[in-house]
Amino acid sequence: MTYANQLISPGALMNSNPVAALVRQFGLATAHTQAHSVQALMRIQIETLSFYRHRTQQNVKLIDDLIVSEKYQNTFGVLGKFCQESIADYVEEMRTMNALGTRVLAQVATHSSFDVDNALDDMAASTIAS
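Residues in the sequence shown are numbered from 1 upward in steps of one, following full-length UniProt numbering.
Here you go:
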């Protein structure tokens, strides 16, 4: 028998060793969890950048309104209205981010528990079978 015939393929090793298969399954579960986490972070970044864009546009509008209001002596009214709208926008954004964060965490937890449950079920089945 030659040395090449004695080598075991990686796939055969994974299938014959229950611990190796379990490690592989947990590795895949970890990769899935990381992928869902990155996806969630991207959603949060998109929402945050959208909010910053909106607030920057409102800041530019404030400057324009202040320039115009100087002619009509209504500077405090314009500034007060801007502060009111700004506070309302920040409160609404916090509500949106809380809802998004809750939804994202629920999705990640669901996917993670599903992957781990499958791995543990497979481990239990292989233990019973042997």
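Built from N, CA and C at the ideal position, the CB exists for glycine as well.
Keep in mind the model is a prediction, meaning the values are calculated, not measured.
Supposed contact pair residue j and residue i - C-beta distance, whole angstroms, cut 8 Å
i      : j      : result
Ser113 : Thr33  : Actually they do not touch by this definition, with Cβ atoms about 10 Å apart.
Ala119 : Ala40  : Between Ala40 and Ala119 the Cβ distance is about 22 Å, and since that is not below 8 Å, they are no contact.
Ser37  : Val116 : At roughly 15 Å, the Cβ-Cβ gap does not stay under 8 Å, so Ser37 and Val116 are not in contact.
Gln58  : Ser86  : 7 Å
Thr56  : Leu66  : Thr56 to Leu66, Cβ: 16 Å. No contact.
8 Å Cβ cutoff met for residue i and residue j
i           : j      : result
Arg43       : Val91  : no
residue 174 : Leu100 : Not covered by the structure: residue 174. The range shown for the chain is 1 to 130.
Classification of residue i by the beta-carbon crowding that lies within 10 angstroms, buried from 16 upward
i     : result
Val78 : buried
Nearest neighbour of residue i, chosen from the options [CA to CA]
i     : options                       : result
Thr96 : Val19, Ala31, Arg24 and Ser50 : Ser50
His54 : Glu93, Phe76 and Val23        : Glu93
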